[in-house]
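Please read the structure below before turning to the comments.
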Amino acid sequence: MSIESPTSDSDFLDLIRAIGPLSVAELAAAMEVTPTAVRQRLTRMMSQGVLQREAQRKGRGRPLHRYTLTDKGLRLTGSNFTDLAMTLWTEIRSVDNPEFRREMLRRIAHAMASKYANQVEGNTSAERLRSLADLLAKRRISVTVDDSNSHPVLSTHSCPYPNLADADHSVCSMERMMFTELVGEEVQLTKCRLDGDPQCRFQAG
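Residues in the sequence shown are numbered consecutively from 9, following our numbering.
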């Protein structure tokens, strides 16, 4: 794959969007510059909120850091999915009929669950919650599972839909319904970051 060396910040962001996440060494090779020059640009662009760094561990030793675009960075490179989602969600909220809105939430939750159903495995709710946690982690959503008692809990430490959730708490209800379908039994949202808690807690059973 031939990639033209980026000469501007926008080209730099487009490179990461096209083939990222990338490490300093990979960026230096693609840009044909020194790792020091890459680090200087990365530091500046992270301070602007358009890039984020993620650690990947492979065995012992220091982790490998790779760089990806933030939501702000995605916007700057022409990704307007968040804008579209916000607009569509706003239109749903504007409908006067509450039963219609509830039905739309159920349908969205079902559609989302159907998309991920074949990736969630396990025979028990705890096993399926752990499998769901692995799936969310692959989407760079920080999660943990506590299955030390009869009612396992999945905690999300970062919101998958931050902009939508800030505008409308019903997104949390949609997510709860989606988790219920994926786990195969009723899941309750017992704590929510939007209410001031440090994490959202979804309890099965």
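All residues carry an ideal CB built from backbone N, CA and C; glycine is no exception.
Could you pull the DSSP bridge partners for residue 58 from this structure?
According to DSSP, which records beta bridges pairwise, residue 58 is partnered with nothing at all.
Starting from residue 73, trace the beta strand (DSSP E) in both directions and tell me its first and last residue.
Per DSSP, residue 73 belongs to the beta strand (DSSP E) from 72-77.
Quick check: residue 212 and residue 189, are their CB atoms within less than 8 Å of each other?
It is not a contact, given that the beta carbons lie outside the stated cut-off.
So, with DSSP's three-state summary, where would you put residue 127?
Looking at residue 127 - three-state DSSP - the assignment turns out to be helix.
Assign residue 146 to one of three DSSP states: helix, strand, or coil.
Residue 146 falls in the helix class under three-state DSSP.
Strictly by DSSP, which residues pair up with residue 164?
Paired residues: 151, 208.
Should the segment 145-153 be called in touch with the segment 179-189, which here means at least 3 C-beta pairs below 8 Å?
Touching, no, given that fewer than three Cβ pairs across the two stretches are closer than 8 Å.
In whole angstroms, what is the alpha-carbon distance linking residue 162 and residue 132?
The alpha-carbon atoms of residue 162 and residue 132 are separated by roughly 14 Å.
Measuring straight from C-alpha to C-alpha, what distance separates residue 142 and residue 53?
Approximately 29 Å, taken between the alpha carbons.
With DSSP collapsed to three states, give me the class of residue 198.
Three-state DSSP puts residue 198 in a strand.
What's the gap between the Cα of residue 200 and the Cα of residue 66?
Each residue's Cα considered, the two are about 33 Å apart.
For residue 63, list the residues DSSP reports as bridge partners.
According to DSSP, residue 63 bridges with 73.
Of all the options 24, 179, 32, 56, which has the alpha carbon lying nearest to the alpha carbon of residue 114?
Closest option to residue 114, Cα to Cα, is 179.
Give me, in chain order, the residues of the same chain whose beta-carbon lies closer than 7 Å to that of residue 10; leave out the 5 immediate sequence neighbours on both sides.
Below a pLDDT of 50, predicted positions are generally treated as unreliable, and residue 10, at 36, falls in that range; no measurement from the model is reported.
Report the CB separation of residue 70 from residue 30 in whole angstroms; it is logged as a contact under 8 Å.
Actually they do not touch by this definition, with Cβ atoms about 17 Å apart.
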